[in-house]
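In my numbering, the protein residues as written are 11 to 393. Ideal Cβ positions, reconstructed from N, Cα and C, are used throughout, including at glycine.
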C-alpha cells in the first residue's frame, strides 16, 4: 500500500447540507445527475444590480432573514454569511453546486456586504442572497424531477413574496439585473451524462436541435464552464413571454427526448461495437482503480466511461451513487479540506487518485475473468 492511500477522506456527505442531489435516487438517475430550478427576484424599494449600495444589500439580508422563518420550506434554515467564510470554504460551496461563482467571489470580486447562502432544513431548497440579484431561490434534486423541483420552489416563492414584496412590472414581469432573466426570472436546468451520443458522433446534431427549440447547453457549473466528462447542462434560454409552467413543461419534454436519444445510442454501442465499448469501459475502470495520479479533467473523462459501464451492467456491482460522490469530493477545495492544508497541483492529483482507489475498492466490482475485483492480487487490492 502506498503512503498516499493514507490521505484522509472528506467528511461523510450526509453531514453536508444540500448534498442530497448526489444520491442517484431520481428518475433516469443513470443518465440525469441532477435537476435544478432557479428563480431570480429583487425586493421593492432597494437598488439592485451594479447600482446596489452596501446599505441596500445589508437591508435586503436583514429583511430576508426575518422572513424565512415564515416560509414553510425554509423553517429552521441555516444562514451562512458568505463574506465571512475563508476562501476554501467558499469554494466548497461552489464545488457542491450550492453557490454560484459570483456569490463566492470566484468572478474576480470578493463577496460584498450582505452576501449570504440560506439552506432549508430539508436541504433541497436554498436561497442565494445578494448575488447578481437580491435573491436567487433554487431547488436541486437527484435525477429527472423537474415538476417536483418547480412545485416546491413555486410554493416557497409565493410564501416569501408575501413577506418581502418583489420588484414587479405589470407588462414585463419580475424585474432582474440582467435583461435575459426579466419576465418569469426562471432558469430550469438538467445535468445529463451523454457519452453514447458523443461516441456515436450524434451529439452535434442533438445540441444543434436544442438551440432551435429554445434551449441551451453549458458545462458542469453552468454559464462560462466547459463540458467535461460528457456532462451537459441543458436549460431554457428565454424567461419572457411564457409562463413558468410552460417553460418547465417544455424543458421536461425535450430532456425526455434527449434521454431517449442517449438510450438508443447506448443500444447501438452494445449491438454494433460491443467489444470496443467493453474494452473502453474496463480500461477506464482499470486506470481509475489503480492510478497514482489523476488530474480532475482526466478523472472526469475516465469516470464517464466507468459511469457508462455501470449503466450498461458491464461493471457488475458498481453503483451510480459512489461515482457521483467522486465527481464532487475529488475537486481541489474538497481535497484540501480533507488534507487540512493547501495542496500543490501534484499533491492534489495524488490525493485525488488515492480517494478514487478507496471508493472503487469498496464497491467490489465483479471482473468477468477473475471474479470480484476486490480479491485481485494487485498490490493495491487492500485499498
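Contacting residues, own chain, Cβ-Cβ under 8 angstroms from residue i (five flanking each side not counted)
| i | result |
| --- | --- |
| residue 77 | 170, 173 and 174 |
| residue 353 | 342, 345, 346 and 361 |
| residue 250 | 182, 183, 192, 193 and 194 |
| residue 164 | 254 |
| residue 369 | 332, 335 and 336 |
| residue 320 | 40, 328, 329, 330 and 333 |
| residue 210 | 275, 278 and 279 |
Beta bridge counterpart(s) of residue i as assigned by DSSP
| i | result |
| --- | --- |
| residue 152 | 44 |
| residue 176 | 53 |
| residue 198 | 47 |
| residue 193 | 184 |
Proximal residues to residue i (C-beta, below 7 angstroms), its chain only, five neighbours per side dropped
| i | result |
| --- | --- |
| residue 131 | 85, 86 and 87 |
| residue 334 | 32, 34 and 43 |
| residue 414 | It is not possible to answer for residue 414, since the shown part of the chain is limited to 11 through 393. |
| residue 166 | 81, 83, 84, 135 and 147 |
| residue 123 | 64, 67, 68 and 93 |
| residue 239 | 310, 311, 313 and 314 |
| residue 79 | 85 |
| residue 75 | 89 |
Alpha-carbon to alpha-carbon, residue j and residue i
| i | j | result |
| --- | --- | --- |
| residue 168 | residue 245 | 23 angstroms |
| residue 188 | residue 142 | 8 angstroms |
| residue 363 | residue 99 | 22 angstroms |
| residue 307 | residue 359 | 10 angstroms |
| residue 128 | residue 162 | 16 angstroms |
| residue 373 | residue 299 | 11 angstroms |
| residue 195 | residue 256 | 13 angstroms |
| residue 157 | residue 260 | 11 angstroms |
| residue 203 | residue 216 | 13 angstroms |
| residue 103 | residue 43 | 18 angstroms |
| residue 35 | residue 330 | 10 angstroms |
| residue 154 | residue 263 | 11 angstroms |
| residue 49 | residue 62 | 19 angstroms |
| residue 241 | residue 289 | 21 angstroms |
| residue 29 | residue 107 | 9 angstroms |
| residue 41 | residue 279 | 16 angstroms |
| residue 198 | residue 265 | 11 angstroms |
| residue 126 | residue 55 | 20 angstroms |
| residue 292 | residue 318 | 11 angstroms |
| residue 224 | residue 190 | 13 angstroms |
| residue 268 | residue 219 | 10 angstroms |
| residue 97 | residue 185 | 31 angstroms |
Coarse secondary structure for residue i, derived from DSSP in three states
| i | result |
| --- | --- |
| residue 87 | coil |
| residue 240 | coil |
| residue 228 | strand |
| residue 144 | coil |
| residue 219 | helix |
| residue 356 | helix |
| residue 171 | helix |
| residue 203 | strand |
| residue 285 | helix |
| residue 308 | helix |
| residue 117 | coil |
| residue 245 | strand |
| residue 137 | strand |
| residue 212 | coil |
| residue 164 | helix |
| residue 9 | In the structure as shown, the chain starts at 11 and stops at 393, and residue 9 therefore has no counterpart that could be examined. |
| residue 395 | Missing from the structure shown is residue 395; the chain here goes from 11 to 393 and no further. |
| residue 398 | Since the displayed the chain opens at 11 and closes at 393, residue 398 lies outside it and no answer follows. |
| residue 108 | coil |
| residue 296 | helix |
| residue 132 | coil |
| residue 327 | coil |
| residue 268 | helix |
| residue 81 | coil |
Same chain, Cβ closer than 6 angstroms to residue i, five either side skipped, listed in chain order
| i | result |
| --- | --- |
| residue 121 | 92, 93 and 115 |
| residue 144 | 52, 53, 58 and 70 |
| residue 159 | 45, 47, 149 and 151 |
| residue 312 | 294, 297 and 298 |
| residue 111 | 117 |
| residue 254 | 194 and 196 |
| residue 20 | In this prediction, residue 20 scores a pLDDT of 47, lower than 50, which makes its location untrustworthy; no coordinate-derived value is stated. |
Where the alpha helix (DSSP H) containing residue i begins and where it ends
| i | result |
| --- | --- |
| residue 102 | 97–105 |
| residue 68 | 64–77 |
| residue 34 | Run containing residue 34: none; DSSP gives neither H nor E here. |
| residue 323 | Counting along the chain, residue 323 falls outside any alpha helix (DSSP H), and DSSP gives it neither H nor E. |
| residue 330 | 330–339 |
| residue 345 | 342–349 |
Extent of the continuous beta strand (DSSP E) to which residue i belongs
| i | result |
| --- | --- |
| residue 127 | 126–129 |
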